[in-house]
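Number of protein chains: 4
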Amino acid sequence: MIIAMQQGASEEQIQHVIERLVNMGFEVHRSTGAVQTVLGAVGVRPDFDIREIEVLDGVKEAHRITSPYKLAGRSFRPDGTEIRFGNGVAIGGKQIIMMAGPCSVESRDQLFTVAERVAKAGAKALRGGAFKPRTSPYSFQGLGLEALKLLREAGDKFGLLVISEVMEISQIELMLPCVDIFQVGARNMQNYNLLRELGKVRKPVLLKRGIAATLEELLLSAEYIMAGGNYEVILCERGIRTFETYTRNTLDISAIPIIKKLSHLPMTADPSHGTGRRDKVAPMARAAVAAGCDALLIEVHHDPEKALSDGAQSLFPEQFEQLMGELRMIAPAVGRTI
Amino acid sequence: MIIAMQQGASEEQIQHVIERLVNMGFEVHRSTGAVQTVLGAVGVRPDFDIREIEVLDGVKEAHRITSPYKLAGRSFRPDGTEIRFGNGVAIGGKQIIMMAGPCSVESRDQLFTVAERVAKAGAKALRGGAFKPRTSPYSFQGLGLEALKLLREAGDKFGLLVISEVMEISQIELMLPCVDIFQVGARNMQNYNLLRELGKVRKPVLLKRGIAATLEELLLSAEYIMAGGNYEVILCERGIRTFETYTRNTLDISAIPIIKKLSHLPMTADPSHGTGRRDKVAPMARAAVAAGCDALLIEVHHDPEKALSDGAQSLFPEQFEQLMGELRMIAPAVGRTI
Amino acid sequence: MIIAMQQGASEEQIQHVIERLVNMGFEVHRSTGAVQTVLGAVGVRPDFDIREIEVLDGVKEAHRITSPYKLAGRSFRPDGTEIRFGNGVAIGGKQIIMMAGPCSVESRDQLFTVAERVAKAGAKALRGGAFKPRTSPYSFQGLGLEALKLLREAGDKFGLLVISEVMEISQIELMLPCVDIFQVGARNMQNYNLLRELGKVRKPVLLKRGIAATLEELLLSAEYIMAGGNYEVILCERGIRTFETYTRNTLDISAIPIIKKLSHLPMTADPSHGTGRRDKVAPMARAAVAAGCDALLIEVHHDPEKALSDGAQSLFPEQFEQLMGELRMIAPAVGRTI
Amino acid sequence: MIIAMQQGASEEQIQHVIERLVNMGFEVHRSTGAVQTVLGAVGVRPDFDIREIEVLDGVKEAHRITSPYKLAGRSFRPDGTEIRFGNGVAIGGKQIIMMAGPCSVESRDQLFTVAERVAKAGAKALRGGAFKPRTSPYSFQGLGLEALKLLREAGDKFGLLVISEVMEISQIELMLPCVDIFQVGARNMQNYNLLRELGKVRKPVLLKRGIAATLEELLLSAEYIMAGGNYEVILCERGIRTFETYTRNTLDISAIPIIKKLSHLPMTADPSHGTGRRDKVAPMARAAVAAGCDALLIEVHHDPEKALSDGAQSLFPEQFEQLMGELRMIAPAVGRTI
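Residue numbers (the numbering used here), protein chains in the order written: chain A, 3 to 340; chain B, 3 to 340; chain C, 3 to 340; chain D, 3 to 340.
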């Protein structure tokens, strides 16, 4: 950590800061300049709250030099992480993986119809919500355990991995036999108790960025899971909240190349939630692939107008098929297949 | 709901929209103008997802006319809600209520020292965290049940109400005998399962606005709790995320008069978390009172430099005493006491 | 405009609103429902400030139904606008146009070196700043008229169109003989006096989105230029300000498909200013093409480390050449050439 | 400037960074640690673009230690700046100055009616727009020179200072004899040519924060004016753009105590533009005073429903009088008079 003292900070103020740092276990180097004094503090703990120094009298600003995350950082695995599954599929490798399916599992018929279509079109994983927390207290809340079993069955039948969202610690046990990837939603990105439990699981976790989370905070949440021993974390951009109101959120495509540089973890995008509008899903899916993502999450429904949730952002199966064709043309431009 | 069709929308498109609306249970009124057709749809369900209409071909835009919340709206109780406690204290009445205490309960000694000081200075409630979810996986995580018991004991000794944060459904039972007010933190504002359970409790809930939540979303979360039968909800502004980085968050003071107009529920502010810096707490606390808040949450620590969490934003007891003096001068300007 | 009255609005309040609307020249339709009264007002002027109705007593909300822009809207030219130049190049047609060059024109040598490289690589237009307003009062401020002449000369020599930024009305006259496209920067997006003057010019204007401007505001600024008779407006996304600080701005790729739907005007992107970092330019350029942009603005410098401005975001010529190769692979996926 | 190299940065990369710094005129200190190398660079120019170092290979991050502004910083005048006017009024002293008047000067009758009312209520300055740039190309654009003369006449008659907005360099000469304070609007905060010219004027300038400007950027714009020799700069918060849509902008009250700490310049607020709604002006004006502002800009119109611009945010004269009474009660709490 580097601490820049204010111009004109008194010797007493400087000594108090040094004392505090030493008490906190830092080794301190002082450099007295013509204009101002700068202190270097070595040995910062990862959980150190830098504001504790910033509010001291005479301090102008303080900067952390080391990253607050270690395991999630690119230097931990410079060649990147490839997460391999039993069926030969890998996320983070040369192939871009399509994960598609309905927002919610509504019925056996609905799920199998959609699963068949997306599998034929080239998807490698089936997505589908079992537990649906909704903004309004009166909406469809998901089929729960029944949905999980249907997902597993459909996944096995059509050769698809299964990914579904976990919302509470108590659901982990329930989901373990049914899913291949646990999804953590944007609202739970900083639910640290849940992250800690997922750190003990031995299945990959797809972690979505919160709508107001910086990329550093996303990596710190990944660190939580990894600190527990589960290194198979997949990151996902799904839109941030900005002043623009035309779309529900603004899908931050630049997050893809940034995360690929800062971290070794696979990076994905969810253009369905990230735009909230069917007609924007395909352009943003193409953009995400062009920007270098490792996988995509796409909502597909065979009859979106009758979907029990998020129908407005679900593709028709034929739209998904067309999108797959477009993505296959783009992938080689970034040295990938699909 | 009002649906404006695009100029040049075909009759077929218009008929399809009408059909969809009728199938959804709406009664539809059509008004054909020189430039465009406008449809009025009566009977919208509170959980209706307006995007389902917006994405239909030929639709220009759709606007909900009725509020998505009912119980939380001002028209439900035009005179405002006053939440009364056993000891004669009321939130939402003429008196502005000060809730003060340490970020985390760290020890009996720490809590009682702080509680005595804030009680003497005029606080009516004691705040203190028992469970501390932290951004870093390595930090102090709170004393849990022991903290709750200490809070109750200190509250009783110094005549203070007790407020503490609930983070999971499993903690509700544990907290019930110890707290007078359940606090829901910003990260849990849309944890609907937790809100639903709190709707069954018969103790007031202080609900903090998420850092990326609109005021409408805050009211919809309050609706969740109220829909369960618990009408004693207190709302709290604690800072939103903006592009400005000098403070951790931007405390949105305008939320106070806006909520007071839209809702009958008491509205409060937390300038400690809302600014994250000790030297900004007093000015923002004064601003919140001047803008019409019903109560304030303030972090106070007898030795902030040694605090195990958020010391940088905790006031020294003497700063709190001075602030109380300033607030007593401001309160009459808004027709209140303190 | 649709005005929803509050539940319980008095007859007197409703009559006052109707009176105000009639005085403003509206024709008013009233619809009295079980729960609330809704008023329809026909004949709204494009400059009508909707807040004048929103603040009246008893009004719950008001919604504009017609767009505040006409000429810029898609319905004005459903097939889109193609802007054709003398040399056969067109923006808004099948070919995606690359506009490249240095941030600032620094010298004849610098400009001609870069121009030759980008022309060979396939660029169709040469960009370069002549007037450089800088955040700091002490920086290089551009070569002015000399730069304009050099741009024209280089453009003619290498068969490139010339685009340069106009910052003040007084510069228009000076620039007219030298540029093929006037660029309006993000900070001037709402400089209405400048826009009005550019409306009188008979050369295309590339209008950049302000960093805090909604897409509706961007279209309204285009309307300003078009209202003066200049219909050749090109829109450009160059990054918006969000809470994320890793990049200077967040390039909003979703603006591309949204504008293409709302407007008939060509839509472009500037990934150099939109990211501010060289290593993010290529991924975001690819994303913009994949999302459907009509042209790209890219900063290229033959020696970025010595550039007098924005060197950090300028590509090396060989990076630009590689990017061109990638974009040529992506273009067919969106039915375009490059 | 402090440059932290990446873990594992090669010696060659480190040497290249050092070389670049030396070429830029820095004196470089190297500190090689167990984990990473840190470079200190002394002698940074105020206009140095830190990204030029950040994009070099092997660099993890770079931090500016000295402020990019000097004259605007608090250390330049630790006791604060008080701007004194001929009539004994001072901004930045013990008295909080009220500046009130209509959004636009519409007629002699309108201006004099409003001026008399606000003067009697205790305002010390008269505000009024002469040139009105409007979002829509079709609106009332101001009375221009005639407005300026009326303002001067009204100011002299009722003993009020005159403040009006300057939008272009060409208007400065015109305005000089008529105004006591030049106002620079939010859209022109980074119009550097205009700022430079105002630096040569010997009258105070009130500089409004742009809706997407950080406080550091606001201070850097003040530096532009001061660098020209005009040290009489008054800063003004008038709302920033956030995701919340209930109000047009979010008035950032915390900007007041932050600027008072970072700078010696007087800090003011404009709750009329900052909220855009009449019913929110008074609460936010009270909050601004409670937070420590030196002056307020308030729009008042004797007949807001007929105002030619921004009537929705103008107070009725009786509302202004009531507000003055409230502010007089609050001022002593912050050691001020009004």
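Backbone N, C-alpha and C define an ideal beta-carbon position, used for all residues, glycine too.
All values derive from a computational prediction rather than experimental measurement.
Asked: Candidates 123/A, 223/A, 122/A and 6/A: closest to residue 2/A by CA position; Found: The requested residue 2/A does not occur in the structure, where chain A is confined to residues 3 to 340.
Asked: Contact the stretch 205-217 of chain D vs the stretch 59-67 of chain D: 3+ CB pairs below 8 Å; Found: no
Asked: Per-residue contacts from residue 166/C into chain A (C-beta, under 7 Å); Found: Those within 7 Å of residue 166/C in chain A number zero; the least Cβ separation is about 27 Å.
Asked: Buried or exposed by the 16-neighbour rule on C-beta atoms within 10 Å, applied to residue 17/B; Found: exposed
Asked: Residue nearest to residue 29/B in terms of C-alpha spacing, selected from 38/B, 200/B, 12/B and 5/B; Found: 5/B
Asked: Residues of its chain near residue 86/B, where Cβ-Cβ distance is below 7 Å and the 5 sequence neighbours each way are ignored; Found: 92
Asked: Environment of residue 327/C [buried if 16+ CB atoms lie within 10 Å]; Found: exposed
Asked: Per DSSP, cross-strand counterpart(s) of residue 127/D; Found: 101/D and 163/D
Asked: CA nearest to the CA of residue 168/C, picked from 190/C, 287/C, 114/C and 127/C; Found: 190/C
Asked: Residue range of the unbroken beta strand (DSSP E) whose run includes residue 65/C; Found: 61-65
Asked: Secondary structure, alpha helix (DSSP H): runs of 4+ residues fully inside the stretch 264-300 of chain C; Found: 273-277 and 280-293
Asked: Environment of residue 122/B [buried if 16+ CB atoms lie within 10 Å]; Found: exposed
Asked: Partners in chain C for residue 50/B, counting only beta-carbon separations shorter than 9 Å; Found: Simply none; closest approach about 15 Å.
Asked: Where residue 7/A falls: helix, strand or coil (DSSP); Found: strand
Asked: Cβ-Cβ distance between residue 32/A and residue 41/A below 8 Å; Found: yes
Asked: Three-state secondary structure (DSSP) of residue 185/D; Found: strand
Asked: is_contact[residue 65/D, chain A] using C-beta, thresh 8 Å; Found: yes
Asked: Reduced DSSP category for residue 239/B - H, G, I as helix; E, B as strand; rest coil; Found: strand
Asked: Cβ-Cβ distance between residue 235/A and residue 267/A below 8 Å; Found: yes
Asked: Residue from 320/A, 177/A and 197/A whose Cα sits closest to the Cα of residue 148/A; Found: 177/A
Asked: Spatial distance of residue 170/C from residue 79/A (CA atoms); Found: 51 Å
Asked: Terminal residues of the beta strand (DSSP E) in which residue 29/B lies; Found: 29-34
Asked: Which of helix, strand or coil DSSP assigns to residue 69/C; Found: coil
Asked: Neighbour flag for residue 278/A against chain B, beta carbons, 8 Å; Found: yes
Asked: Closest residue to residue 55/C among 3/C, 200/C, 179/C and 271/C (Cα-Cα distance); Found: 3/C
Asked: The stretch 230-248 of chain B / the stretch 268-288 of chain D touching (three or more Cβ pairs under 8 Å); Found: no
Asked: Any chain A beta carbon closer than 8 Å to residue 214/B; Found: yes
Asked: Contacts of residue 252/B in chain D (Cβ-Cβ under 8 Å); Found: 242, 244, 252, 254 and 256
Asked: Span of the beta strand (DSSP E) around residue 207/A; Found: 207-210
Asked: As assigned by DSSP and simplified to three states, the class of residue 44/B; Found: strand
Asked: C-beta neighbour in chain D for residue 313/C, strict 8 Å; Found: yes
Asked: C-beta contact flag for residue 297/C and residue 270/C at 8 Å; Found: yes
Asked: Residue 304/D vs residue 313/D beta-carbon contact at 8 Å; Found: no
Asked: Residues near residue 325/D by beta carbon distance below 8 Å, same chain, minus five either side; Found: 283, 284, 287, 288, 300 and 317
Asked: Close-in-space but distant-in-sequence residues of the same chain around residue 24/D (CB under 8 Å, 5 per side omitted); Found: 30
Asked: Own chain partners of residue 294/C with C-beta closer than 8 Å, once the 5 adjacent residues on each side are dropped; Found: 258, 259, 262, 269 and 336
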